[in-house]
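To start, the structure under review is shown below, and the notes come after it.
Residue numbers (my numbering): 35 to 277.
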């Protein structure tokens, strides 16, 4: 299976402090890959570097293109999109206007189809389309942030902590939608503190600690790993002590 996104030997630093070291990963077409790890492990830093927000030393390619000289806008045009942890919506604009901002690079006909697709994925956004983004609930704002990114018809959607601060019933909706994206032909690179939910929806997983990947493999294998279970899933396997 050829990689849609390929990251090789990535290093990302804040001044003299290296936040990401020697990281390599890949995401194939129609695949969900998750990165789990504690706060401060370097997960968000890595996503921002792949998007071009932070400088990265190493090699990143997407859809066969080397991204070394690509600005953020070029990466978006290629089909790479990021939904940041803080959503970054325009709170004084309504839902539909926020969504329309995500379609600035595509034709009016494609934008019309994109609206239909986003409203099908998130019926609540259609109901709230004239409501100001700043008055939405946290779950609705997360749906809007994802919907805006999807308006640009990306090939790969990078999600940074989509369940953060949301009620369990809304989290279930968000993860159901993530699974539907794969069925619709959109790959997902998911950074998520809710490791249990992330590993259930993902095909493959990477475990990140202190800026490095310490474990990688099929999500089902990572979920059954004793050390991962004790550290990130909130339980230990029966008959096992702390690891």
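Glycine residues also receive a C-beta, built at the ideal position from the N, C-alpha and C atoms. This structure is a prediction, so every number in the text was calculated from the model and none was measured.
Could you have a look at residue i and say whether DSSP puts it in helix, strand or coil?
i	result
residue 280	Given that the chain is displayed from residue 35 to residue 277, the structure contains no residue 280 and the question cannot be resolved.
residue 77	helix
residue 131	helix
residue 65	coil
residue 137	coil
residue 159	helix
residue 172	helix
residue 36	coil
residue 248	strand
Which residues in the same chain have their Cβ closer than 8 Å to the Cβ of residue i, if we skip the five residues on either side of it in sequence?
i	result
residue 123	132, 167, 168, 175, 178, 179 and 182
residue 121	175, 176, 178 and 179
residue 71	77, 241, 242, 243 and 266
Could you say which of the options lies nearest to residue i if we only look at CA atoms?
i	options	result
residue 192	140, 162, 198 and 223	223
residue 245	44, 55 and 40	55
residue 162	188, 130, 125 and 186	130
residue 43	74, 57, 97 and 238	57
residue 84	106, 137, 140 and 173	106
residue 41	207, 76, 164 and 96	96
So, for residue i: in the same chain, excluding its five sequence neighbours on each side, which residues have a beta-carbon less than 7 Å away from its beta-carbon?
i	result
residue 78	119, 194 and 225
residue 284	Outside the displayed range of the chain (35 to 277) lies residue 284, so it cannot be described from this structure.
residue 228	197 and 205
Classify residue i as buried or exposed, calling it buried when 16 or more other Cβ atoms lie within 10 Å of its own Cβ.
i	result
residue 159	buried
residue 135	exposed
residue 145	buried
At the level of alpha carbons, what is the spacing between residue i and residue j?
i	j	result
residue 267	residue 230	6 Å
residue 156	residue 90	34 Å
residue 127	residue 258	45 Å
residue 52	residue 153	41 Å
residue 217	residue 108	26 Å
Going by beta carbon distance, what residues of the same chain come within less than 6 Å of residue i, once the five residues before and after it are set aside?
i	result
residue 211	155
residue 93	42
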